[in-house]
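Heads up: the sequence shown runs through residues 1416 to 1628, numbered per the numbering used here. Just so you know, even glycine gets a beta-carbon here, dropped at the ideal spot from N, CA and C. Read through the structure below, which is laid out as structure tokens, and then see the notes.
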Amino acid sequence: MKKGFVFDLDGVITDTAKFHYIAWKNLAKSLGILIDETFNETLKGISRMDSLDKILAYGKRENDFTLAEKKSLAQKKNDEYVTLLADLSEKDLLPGVHDFLVQAKERNIPCSIASASKNAPMILEKLGVLAYFGHIVDPETLKKGKPDPEIFIKAAESINVEPKDAVGFEDAQAGIDGIKAAGMYAVGISSTETLQGADLQVASMTELNVDQF
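Set out below in structure tokens:
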């Protein structure tokens, strides 16, 4: 039996990707850079500053801003994103998530969040599931983003579980790569793409139950 569960947030617990896309697209447009949904897929699972760097490189403007200016741009994007999240509620939990978290709690299996999102606590509270998680890794404490395994190792350690005894849930290739590099069992959640290296892949959490782990 696995002893702990580590979850990504966007695309696993809830789907806020559309809000990220709107906010990034608007910011990029203000800089004279046009991005589409295909490009937006390359931003999945990576940090806010790394996403901004990708957009600036895409628009050949990577050398046009100081670090302070880039931090200001990233904050501007996040402010719009948070505004878009205003109406988020329990109805925005992805199918199967609540039942799985209830099962884990009933079996005393601790859960943690390994997300690049600095808004994770606020989002989980709006979704009504914050209490199911023993810890949320603070992205500000990380030296490297996904696919580096650091965030997953920290997430497991935070709930006193060895990575080899944990299961990681991800919807992005960078996340699966990080989970495997951490030595965890990897569950990929995607109905649209094959996640290379996943030990198990399902279309949604409705296909899973705690006892199978």
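N-terminal and C-terminal residue of the beta strand (DSSP E) that residue i is part of
i: G1419; result: G1419 to F1422
i: E1585; result: A1581 to E1585
i: V1625; result: Unbroken run through V1625: none, as it is neither H nor E.
i: Q1490; result: It is not in any beta strand (DSSP E) - Q1490 instead sits in the alpha helix (DSSP H) that spans L1482 to L1499.
i: Q1616; result: L1615 to V1617
i: S1527; result: C1526 to I1528
Simplified DSSP state of residue i, which is helix, strand or coil
i: S1504; result: coil
i: S1605; result: coil
i: S1466; result: helix
i: T1431; result: coil
i: D1425; result: strand
i: I1551; result: strand
First through last residue of the alpha helix (DSSP H) which encompasses residue i
i: V1512; result: V1512 to E1521
i: K1595; result: Q1588 to A1596
i: N1534; result: Here N1534 belongs to no alpha helix (DSSP H), and DSSP marks it neither H nor E.
i: T1453; result: E1452 to N1455
i: I1574; result: Where I1574 is concerned, there is no enclosing alpha helix (DSSP H), given that its DSSP letter is neither H nor E.
Sub-8 Å separation of residue i and residue j beta-carbons
i: I1574; j: S1527; result: yes
i: L1482; j: K1469; result: no
i: H1513; j: V1552; result: no
i: I1538; j: L1467; result: no
i: G1460; j: A1581; result: no
i: G1612; j: A1597; result: no
i: G1583; j: P1562; result: no
i: P1578; j: A1587; result: no
i: F1434; j: Y1496; result: yes
i: P1564; j: G1549; result: no
i: A1529; j: F1567; result: yes
i: Q1518; j: N1624; result: yes
i: G1447; j: G1426; result: no
heavy atom of the ligand SAH below 7 Å from residue i C-beta
i: V1497; result: Inclusion of the ligand SAH in the displayed structure is not the case, the ligand content being empty and no account of it being possible.
Integer Cβ distance of residue i from residue j, believed to fall under 8 Å
i: I1437; j: A1443; result: With 8 Å as the limit, I1437 and A1443 do not qualify as a contact, their Cβ atoms being about 11 Å apart.
i: I1591; j: L1610; result: 5 Å
i: K1533; j: P1510; result: K1533 to P1510, Cβ: 26 Å. No contact.
i: M1416; j: F1628; result: 7 Å
i: L1471; j: E1505; result: L1471 to E1505, Cβ: 37 Å. No contact.
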